[in-house]
Structure formats: structure tokens, C-alpha cells
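Peer 1: Input: one structure, supplied below.
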Amino acid sequence: MRKSLSFLQKNVAAGEKLACLTSYDASQAYWAAQAGVDVLLVGDSLGMVVQGHSTTLPVSLDEMVYHTQMVQRGNMQSDTPAYCIADLPFMSDTSVDQAMASAARLMKEGGANMVKLEGGKRAILIVDALSQMGVPVCSHLGLLPQSVEKHGYKVQGKDSHSAEQLLRDALALQKAGADMLVLECVPATLAQEITMQLSIPVIGIGSGMNTSGQVLVLHDILGTTIGKTPKFSKNFLHGQTSIQGAMRSYVDEVKQQSFPNKSHQVAD
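What follows is the structure, given as C-alpha cells:
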């Protein structure tokens with residue numbers, strides 16, 4: 047039986063950490079689910095690790111639908127299918143109507159279980175509208191890859207003003223109906239505070255260990271990323287004899303709370 051949103055919520059309430067991993071095709075999804083990954087994220091990061099772009103911006107909605115279809119075909123063949131989240135790519139959610147149409151394609155054509163969109167204040171009306179239509183939503187705060195041309199790749203929420211704004215945004219998105227939140231590259235202390243204040247699962251990436259779970263890019267945990275691997279990641283293929291073993295090692299370390307540690311977190 048596929049892992050559901052209520053299943054994830056119950057596990058988080060019981061104190062279990064969620065292990066999340068990006069996936070872009072059927073075989074990746076199948077083996078990740080077999081390894082015990084709770085959530086598969088069909089990320090627009092595919093623009094960088096699959097297509098070879100320098101940012102996520104060139105990824106189209108058609109491409110996201112295509113990759114989500116592949117992921118779900120492999121995922122649903124596994125013994126324990128994971129929950130599947132798909133990103134709304136750059137400029138596919140500039141209005142409520144457009145976001146609704148984009149989310150419909152990701153779910154109806156792609157088979158996604160949830161959609162993810164970046165942004166705080168600007169996304170609140172969209173989150174509310176999607177939620178009212180029964181669409182599960184994952185919000186994304188902190189470092190926003192779709193905004194790197196304006197804000198760059200850097201830690202967010204380091205000063206008191208921006209930290210307070212991130213907390214306000216997180217609470218507002220939850221009130222609007224967000225079912226999950228990804229926090230990317232924020233100080234560990236702030237990530238912990240936001241996680242404690244919210245009642246929905248908070249998934250961290252480069253945000254310390256005191257969130258509800260972790261997400262990493264598949265290519266980063268396998269050491270196959272072109273260029274520099276983020277400091278907050280780890281090559282889980284070291285010491286393993288297979289990709290499947292690396293995936294299991296990642297899941298185990300997240301569940302046992304040995305990953306991430308201080309060497310993998312961004313500076314406070």
C-alpha cells in the first residue's frame with residue numbers, strides 16, 4: 047500500500063524522521079521506494095542534474111509532468127510505494143488560475159500525490175485556493191532555487207528580521223492550508239523553532255537535524271553531481287557496493303538521526 051499523507055503525519059507525530067529523496071525516472075523511484083524512502087520529490091532540480099543547466103529555471107511544466115509519470119510508474123511497482131511530490135516549475139504558478147491548471151496537470155497526468163511551490167507571502171492565496179480544491183500542498187521557504195537570479199545561493203534567515211519573516215511566512219502558509227513545508231538552507235536554530243511552531247511536517251535540506259525529516263538530491267548522495275556537491279549533503283555510496291545500498295544507508299542515517307550532523311549544516 048502506498049504511503050499516504052496521513053501515514054506520514056502519524057509517523058512524524060510518533061517522533062519518526064521522514065526520509066525524502068529526489069527522483070527523476072522509474073528505476074530511481076523503484077529502488078528508492080524499496081530502500082524505505084518515505085517521500086519521492088520530483089524536483090525541478092532535474093534541470094541541473096539531468097538536463098545540465100546551471101539553474102532550475104529552464105524546466106517546463108511538460109517536462110515535470112513527463113518525469114512525474116516515469117517516477118510514479120516505478121514507484122508503484124515497488125513493495126512499499128512512497129508518497130510523491132512534484133514541483134511546480136518556474137513561472138507555472140504566477141496566478142491562482144495558472145497554479146490550479148499546473149497542479150491539475152501534475153496530478154491528473156503526472157500522477158503526483160502533492161505539489162510543491164516556492165515562496166512565502168506571494169504564495170498564500172495560491173496555497174489557499176489549491177487547498178480548498180483538495181490539492182495537497184508542500185510549501186518551500188528559505189533558499190528558493192527559482193529566485194537565484196535575484197537572491198543567489200546563500201543561507202536565508204541569518205538576521206533577526208529575516209528570521210522573523212520566515213517564521214511568519216511559515217505560519218501563514220500553514221494557516222492557508224499547506225500540508226508540508228520544505229526549509230532550505232536556513233540556520234539550524236531557526237529551522238528547529240519553525241518546526242516546533244508548526245503542526246505540519248517540516249522537511250529540511252541544509253537546515254540542521256531538528257526538523258521532521260530530510261530531503262537530498264539523489265545525485266548528491268551518489269556522488270555523481272557535476273561540479274561542487276553542497277556542504278549539507280553526503281556521498282552515501284562510500285562504503286557501499288551498490289546504489290541500492292547507498293539509498294538504504296541514507297534512509298537508515300536519517301531515521302537513526304545520525305544524518306545530518308554539524309558537519310553537514312549551514313552556518314548559524
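Convert by adding 46 to the 1-based position in the sequence shown; the result is the number in this note's numbering.
For each residue, glycine too, the CB sits at the ideal point set by N, CA and C.
All values reported here derive from a predicted model rather than from experimental measurement.
(1) Could you check the C-alpha separation between THR235 and LEU262 for me, to the nearest Å?
(2) Between which two residues does the beta strand (DSSP E) harbouring MET160 extend?
(3) Let's see if you can read the secondary structure: which residues bound the alpha helix (DSSP H) around SER185?
(4) Let me know if ASP108 comes out buried or exposed under the rule of 16 or more other beta-carbons within 10 Å of its beta-carbon.
(5) I need the boundaries of the beta strand (DSSP E) containing MET293, first residue and last residue.
(6) Determine whether the beta carbon atoms of LYS301 and ALA60 lie at a separation below 8 Å.
(7) State the DSSP-derived secondary structure class of MET226, mapped to helix, strand or coil.
(8) Determine contact between the region 249 to 258 and the region 190 to 200, defined as no fewer than three beta-carbon pairs at a distance below 8 Å.
(9) Could you give the DSSP three-state label for VAL58: helix, strand or coil?
(10) By alpha-carbon positions, which one of VAL83, LEU87 and GLU210 ends up nearest to CYS130?
(11) Between LEU176 and the rest of its own chain, which residues show a CB-CB distance below 8 Å, the 5 nearest in sequence each way excluded?
(12) What is the DSSP secondary structure of ASP205, counted as helix, strand or coil?
(13) What is the residue span of the alpha helix (DSSP H) that ALA175 lies within?
(14) Could you give the distance in angstroms between the alpha-carbon of TYR70 and the alpha-carbon of HIS284?
(15) Out of SER52, PHE136 and ARG119, point me to the one whose CA is closest to ASP90's CA.
(16) LEU67 lies in the beta strand (DSSP E); which residues open and close that run?
(17) Suppose you measure from the CA of GLU164 to the CA of GLY250; what does that come to, to the nearest Å?
(18) Residue range of the alpha helix (DSSP H) that ASP266 falls in?
(19) Which residues bound the beta strand (DSSP E) around LEU86?
(20) Output needed for GLN290: all residues of its chain with C-beta closer than 8 Å, excluding positions within five of it in sequence on either side, in chain order.
(21) Report yes if the CB atom of ASP133 is closer than 8 Å to the CB atom of MET110, and no otherwise.
(22) Who are the Cβ neighbours of GLN243 in its own chain at under 8 Å, not counting the five residues just before and after it?
(23) If you draw a straight line from the alpha carbon of LYS49 to that of THR114, how long is it in whole angstroms?
Peer 2: Let's see:
(1) Translated into positions along the sequence shown, residue 235 becomes position 189. Translated into positions along the sequence shown, residue 262 becomes position 216. Cα to Cα, the separation comes out at about 20 Å.
(2) Taking the first residue of the sequence shown as position 1, residue 160 is located at position 114. Element bounds for MET160: 160 to 164.
(3) Numbered from 1 along the sequence shown, position 139 holds the residue referred to as residue 185. SER185 -> not in any alpha helix (DSSP H); beta strand (DSSP E) instead, spanning 183 to 188.
(4) In the sequence shown, the residue the question calls residue 108 occupies position 62. ASP108 comes out exposed.
(5) Counting from one through the sequence shown, the residue named residue 293 turns up at place 247. Premise fails: MET293 lies in the alpha helix (DSSP H), 289 to 301, not in any beta strand (DSSP E).
(6) Position 255 of the sequence shown, counting from 1, holds the residue named residue 301. Position 14 of the sequence shown, counting from 1, holds the residue named residue 60. Not in contact: LYS301 and ALA60 (Cβ atoms no closer than 8 Å).
(7) The residue labelled residue 226 in the question sits at position 180 within the sequence shown. It is a strand residue.
(8) no
(9) Reading the sequence shown from its first residue, position 12 is the one you call residue 58. Of the three classes helix, strand and coil, the one that applies to VAL58 here is helix, per DSSP.
(10) Counted from its first residue, the sequence shown places residue 130 at position 84. Among VAL83, LEU87 and GLU210, the Cα nearest to that of CYS130 is on LEU87.
(11) In the sequence shown, the residue the question calls residue 176 occupies position 130. Once the five neighbours on either side are set aside, the close Cβ partners of LEU176 are ALA145, MET146, ALA149, VAL161, VAL183 and GLY223.
(12) For the purposes of this step, residue 205 is taken as the residue at position 159 of the sequence shown. ASP205: coil per DSSP, three-state reduction.
(13) On the sequence shown, residue 175 is found 129 positions in, with the first residue counted as 1. Element bounds for ALA175: 170 to 178.
(14) Within the sequence shown, numbered from 1, the residue matching residue 70 stands at position 24. Within the sequence shown, numbered from 1, the residue matching residue 284 stands at position 238. Looking at the two C-alpha atoms, the distance is approximately 22 Å.
(15) Residue numbering aside, residue 90 sits at position 44 when the sequence shown is read from its first letter. If we check each option's Cα against that of ASP90, PHE136 comes out closest.
(16) Indexing the sequence shown from 1 puts residue 67 at position 21. It spans 64 to 68 - the beta strand (DSSP E) in which LEU67 sits, taken as one unbroken run.
(17) Here residue 164 refers to the residue found at position 118 of the sequence shown. Here residue 250 refers to the residue found at position 204 of the sequence shown. Rounded to the nearest angstrom, the two C-alpha atoms are 14 Å apart.
(18) One-based indexing of the sequence shown puts residue 266 at position 220. Looking at the DSSP string, the run of the alpha helix (DSSP H) that includes ASP266 is 264 to 267.
(19) Reading the sequence shown from its first residue, position 40 is the one you call residue 86. In the DSSP annotation of this structure, the continuous segment of the beta strand (DSSP E) that includes LEU86 starts and ends at 85 to 88.
(20) As a working mapping, residue 290 is identified with position 244 in the sequence shown. Residues of the same chain with a CB within less than 8 Å of the CB of GLN290, apart from the 5 flanking positions on each side, are TRP77, GLN80 and ALA81 in chain order.
(21) On the sequence shown, position 87 is the one that residue 133 refers to. On the sequence shown, position 64 is the one that residue 110 refers to. A contact, by the Cβ cut-off of 8 Å.
(22) Translated into the one-based positions of the sequence shown, residue 243 becomes position 197. Only LEU213, ALA216 and LEU217 meet the Cβ criterion.
(23) Start at 1 with the first residue of the sequence shown, and residue 49 comes out as number 3. Start at 1 with the first residue of the sequence shown, and residue 114 comes out as number 68. Each residue's alpha carbon lies about 17 Å from the other.
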